[in-house]
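The sequence shown maps to residues 0 to 328 in numbering that gives the first Met the number 0.
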Amino acid sequence: MAEPESLRDRAIQRGISVQRFNRGLLRRIAERENEKLFKAIEKRIKLAIRAARRRGPLVATERNQTVQQRLNVVSRITRNRLNQEAGEIYDEVLELAKQERDRQEAMLIAVLGVKIKHITDAEVERLVDRHFNGAMLGQWLRHLATQTDEKIRRKVQAGLSADEEDEVIAARVTDDRRSVFSETKAAIAAIASSATLSSVSRVQQAAWLKTDGQIDRYMWTAILDHRTCPTCMALDGKVFDVGRGPIPTAHLLCRCVAIPLLAGSEPPEVTSYSEWLTDQPESIQNDILGETKARLFRSGKFEIDEFVDNKGTPLSLDEMRGLDPDLMA
Ligand SMILES: [Zn+2]
Numbered sequence: 000m001a002e003p004e005s006l007r008d009r010a011i012q013r014g015i016s017v018q019r020f021n022r023g024l025l026r027r028i029a030e031r032e033n034e035k036l037f038k039a040i041e042k043r044i045k046l047a048i049r050a051a052r053r054r055g056p057l058v059a060t061e062r063n064q065t066v067q068q069r070l071n072v073v074s075r076i077t078r079n080r081l082n083q084e085a086g087e088i089y090d091e092v093l094e095l096a097k098q099e100r101d102r103q104e105a106m107l108i109a110v111l112g113v114k115i116k117h118i119t120d121a122e123v124e125r126l127v128d129r130h131f132n133g134a135m136l137g138q139w140l141r142h143l144a145t146q147t148d149e150k151i152r153r154k155v156q157a158g159l160s161a162d163e164e165d166e167v168i169a170a171r172v173t174d175d176r177r178s179v180f181s182e183t184k185a186a187i188a189a190i191a192s193s194a195t196l197s198s199v200s201r202v203q204q205a206a207w208l209k210t211d212g213q214i215d216r217y218m219w220t221a222i223l224d225h226r227t228c229p230t231c232m233a234l235d236g237k238v239f240d241v242g243r244g245p246i247p248t249a250h251l252l253c254r255c256v257a258i259p260l261l262a263g264s265e266p267p268e269v270t271s272y273s274e275w276l277t278d279q280p281e282s283i284q285n286d287i288l289g290e291t292k293a294r295l296f297r298s299g300k301f302e303i304d305e306f307v308d309n310k311g312t313p314l315s316l317d318e319m320r321g322l323d324p325d326l327m328a
């Protein structure tokens, strides 16, 4: 029988390499965005604005018609390019999920000596394309294309109606910060990142479910440092039945991993976030929790998981007041 230590080490090492994959994926997406994805759209938007200008002296309806026609071209390109990007992201995430399947199957043989029923490619696909914020991964990205397209139209038309400079209108769509493009880029990164991390988690759960109960629980493990968020602090060290509890990722850029536990075994002894935080100097505690919450934490009357509600959302200071009015005075 394997040492629980080895399951833990493997899970943490794998977590690190999945994070590395994730960073690589985000870099590849950013490169595609800069090289072709948004370049083509930007070019068409500028053409649309310029065409509208040339029509300037004509009656408003004619100018409007020209803009509409040009914006239809922008729409087509935006949807095409973003859907193409969605396909590339999906393929990469699916590839990683298949790797995770192979890795889990090999690990279960090596560590437990159990051979599990193979998780088919079709099953992996279903696990990857599962609900993500209420929609399938593919749907979500198509929705993003539609949303981006509508925003572009609104900004261009509003800018033309207000008779703004061409560059000013274009910048609202294409600038690096606070523009339509920057919002879409942030959304793509968030979707890709969540899809990567949660697909890996789902494949793990699916593999453990096939062990006939030999792996029956898992332990949520957070990386312990100042970047750990209250949600993950609260989940850290908690044990759930396989297939029944929350699975990483808890939020954007979550670095948590699920550590499989053998039936009948005790969860590995690890420093909990609470213990780690207790050992930190006051200044660090204040930094992480905020001064008021840090004071509550130091009072020793609360566990770290009392700082979030039952959905893992951090409590506001007002909600905290309800916990102990004296401490907040
Ligand atoms: Zn986390």
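For every residue, glycine included, the Cβ atom is placed at its ideal position computed from N, Cα and C. Bear in mind that the values here come from a model prediction, so they are computed numbers and not experimental data.
Relative to ligand 1, the nearest heavy atom lies less than 7 Å away from the CB of residue 254. Taken in chain order, the complete alpha helix (DSSP H) segments of 4 or more residues contained in the region 136 to 161 are 136 to 160. If only complete runs of 3 or more residues are kept, the region 208 to 265 shows the beta strand (DSSP E) at 214 to 220, 238 to 240 and 256 to 261, in order along the chain. Short of 6 Å from the beta carbon of residue 229, and not among the five residues preceding or following it, lie these beta carbons of its own chain, in chain order: 306, 307 and 313. Sorting 156, 180 and 186 by C-alpha distance to the C-alpha of residue 88 places 186 at the top.
Residue 307 has 313 as its beta-bridge partners, per DSSP. Per the coordinates, the alpha-carbon of residue 45 lies some 30 Å from the alpha-carbon of residue 24. The distance from the Cβ of residue 272 to that of residue 232 is about 4 Å, consistent with a contact at the 8 Å cut-off. Contact annotation: residue 108 and residue 116 have beta-carbon atoms that are not nearer than 8 Å.
Exclusion of residue 229 from the 7 Å shell around ligand 1 follows from its C-beta lying no nearer than that to any non-hydrogen atom of the ligand. Buried is the label assigned to residue 220, since at least 16 other Cβ atoms lie within 10 Å of its Cβ.
For residue 221, the Cβ falls inside the 7 Å cut-off from some heavy atom of ligand 1. Of the residues assessed, residue 300 falls on the exposed side of the cut-off, its CB having fewer than 16 other CB atoms within 10 angstroms. In the three-state scheme derived from DSSP, where H, G and I count as helix and E and B as strand, residue 119 is classed as coil. Under the criterion of beta carbons closer than 8 Å, residue 144 and residue 212 do not qualify as touching, at roughly 44 Å. Just measuring C-alpha positions, the residue of 112, 136, 138 and 90 sitting nearest residue 120 is 90.
Taking residue 100 as reference, the option from 265, 112, 22 and 13 with the minimal CA-CA separation is 13. Short of 7 Å from the beta carbon of residue 141, and not among the five residues preceding or following it, lie these beta carbons of its own chain, in chain order: 82 and 85. Proximity of the region 142 to 161 to the region 170 to 186 meets the contact definition, three or more beta-carbon pairs being nearer than 8 Å. In this structure, the CA atom of residue 321 is about 17 Å from the CA atom of residue 297.
DSSP places residue 282 in the helix class (H, G or I) of the three-state scheme.
Under the three-pair Cβ rule at 8 Å, the region 193 to 203 does not count as touching the region 166 to 180.
Shortest Cα-Cα distance from residue 278 to any of 249, 78 and 223 involves 223. Its chain contains 89, 92, 93, 96, 136, 194, 198 and 201 as the residues whose beta carbon lies nearer than 8 Å to that of residue 127, once the 5 sequence neighbours on both sides are disregarded; these appear in chain order.
In the three-state reduction of the DSSP assignment, residue 37 falls in the helix class. Under the three-state reduction of DSSP, residue 77 is assigned to helix.
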